[in-house]
Amino acid sequence: MTAETENDTERLRELITRARVVLWDFDGPICRLFAGHSAERVAAELVEWLEGRGLHGLLTDAERELLDPHVVLRAVDRRHPGSDLVAELEERLTQEELRATSSAMPTEYADPLIRTWTAVGSRLAIATNNSPRVVRTYLDGRGLLSCFSPHIYGRTQDLHHLKPDPHCLNRALSAMGAARSSALMIGDTPSDLAAANSAGVAFLGYARNPRKEKLLREAGATTVVATLSSVLTLVRAQA
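Under my numbering, the first residue of the sequence shown is numbered 17, with each subsequent residue one higher.
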């Protein structure tokens, strides 16, 4: 059940009241990056590129069938960490993500929530597994870059630092000089929750459908919203 009961609303209010720094995952809470540019197709093309180089054996059947670009990238990095192959594959994924920004679908209420949170004096940062180049391109196109810049922390070629590793959250907190007790992470996957837990940061789950909510609840998320409208209402009340 999403945050609709009185107790759920009170927990949400407490999270928002304590938050002086808000760390956002990008793909999901801010937009659906691959809404018009299929992530499954991108993954399939990365697999096809690897196979065209005679590297079919780098991926297991299970990894290949998941059709997730980040699964492909992680799998290759585990077998050839820090290699030129990984660097080229990461750049190919970044280019696909950049192409996807033109058809990305903004998450409902995300834009006004970002602007309102900024207006009431909270500091915002991005902590994502996507390329920071992609995040900047999207935010700039929405007129939101100034709400986050320079605190955009995304994928580097050190792929072992991708979430659920808390590396990008820790980078954000360190750069902002923020206390972990004053920070809130907004994410939509169990890996976001795991990264927040490892970083010692409170977590708010965003689940745009029941499947997402089920995954977050099963992973241990206690506060999950199906829409950011309730968050926006509470932040506006702080103004």
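Where is the CB? At the ideal position from N, CA and C, for every residue including glycine.
Tell me which residues share the same chain as residue i and place their Cβ nearer than 7 Å to its Cβ, disregarding the 5 neighbours each side in the sequence.
{"i": "E113", "result": "L49, N146, S147, V150"}
{"i": "T33", "result": "none"}
{"i": "D127", "result": "R158, L160"}
{"i": "R80", "result": "V63"}
{"i": "H183", "result": "H177"}
{"i": "H53", "result": "R115, A116, S119"}
{"i": "R196", "result": "L189, A215, G216, V217"}
{"i": "F164", "result": "L140, A141, I142, L155"}
{"i": "R233", "result": "V240"}
Can you look up residue i in the DSSP assignment and give me helix, strand or coil?
{"i": "Y154", "result": "helix"}
{"i": "V136", "result": "coil"}
{"i": "I32", "result": "helix"}
{"i": "R108", "result": "helix"}
{"i": "M17", "result": "The predicted model places M17 with a pLDDT of 40, which falls under 50 and marks its position as unreliable; any figure quoted below should be read in that light. Here M17 sits in coil by DSSP."}
{"i": "H86", "result": "helix"}
{"i": "A195", "result": "coil"}
{"i": "T249", "result": "helix"}
{"i": "K230", "result": "helix"}
{"i": "P148", "result": "helix"}
{"i": "S207", "result": "helix"}
Determine the closest residue to residue i out of the options, with distance taken between C-alpha atoms.
{"i": "G159", "options": "S190, I130, V58, A143", "result": "I130"}
{"i": "A235", "options": "L89, A211, W40, A55", "result": "A211"}
{"i": "L89", "options": "L231, R36, S162, V63", "result": "V63"}
{"i": "T4", "options": "D204, T153, S162", "result": "Nothing can be reported for residue 4: it is not among the residues displayed for the chain, which extend from 17 to 255."}
{"i": "L248", "options": "T132, L232, E104, L220", "result": "T132"}
{"i": "G98", "options": "I202, H177, A59", "result": "H177"}
{"i": "Q111", "options": "M201, R227, V58", "result": "V58"}
{"i": "V37", "options": "S214, E229, A237, M192", "result": "M192"}
{"i": "L105", "options": "L231, L200, K228, W65", "result": "W65"}
{"i": "L231", "options": "T76, L31, D204", "result": "D204"}
{"i": "L82", "options": "R69, A55, L244", "result": "A55"}
{"i": "H86", "options": "T134, L71, A60", "result": "A60"}
{"i": "M201", "options": "L31, E67, R69", "result": "L31"}
{"i": "D43", "options": "T144, E107, S245", "result": "T144"}
{"i": "A78", "options": "E67, S162, L71, A91", "result": "A91"}
Leaving aside the five residues before and after residue i along the sequence, list all residues of the same chain whose C-beta is less than 8 Å from its C-beta, in chain order.
{"i": "V136", "result": "V251, Q254, A255"}
{"i": "R95", "result": "L74"}
{"i": "V241", "result": "T18, A19, L28, L220, G221, Y222, A223, V247"}
{"i": "C47", "result": "A120, M121, P122, T123, A126, Y154"}
{"i": "D181", "result": "A211, S214"}
Looking only at DSSP bridge pairs, what is residue i linked to?
{"i": "L39", "result": "A141, M201"}
{"i": "A218", "result": "L200"}
{"i": "Y169", "result": "A143"}
{"i": "P122", "result": "C47"}
{"i": "V240", "result": "G221"}
With 16 as the cutoff for other CB atoms within 10 Å, does residue i come out buried or exposed?
{"i": "H167", "result": "buried"}
{"i": "R171", "result": "buried"}
{"i": "P206", "result": "buried"}
{"i": "D41", "result": "buried"}
{"i": "M121", "result": "exposed"}
{"i": "S138", "result": "buried"}
{"i": "D208", "result": "buried"}
{"i": "P45", "result": "buried"}
{"i": "N23", "result": "exposed"}
{"i": "D100", "result": "exposed"}
{"i": "N225", "result": "exposed"}
Which same chain residues, not among the five before or five after residue i, have their C-beta less than 6 Å away from its C-beta?
{"i": "D174", "result": "none"}
Let me check you understand the geometry: is the CB of residue i closer than 6 Å to at least one non-hydrogen atom of the ligand NAP?
{"i": "A59", "result": "With respect to the ligand NAP, the structure offers nothing, as it holds no ligand at all."}
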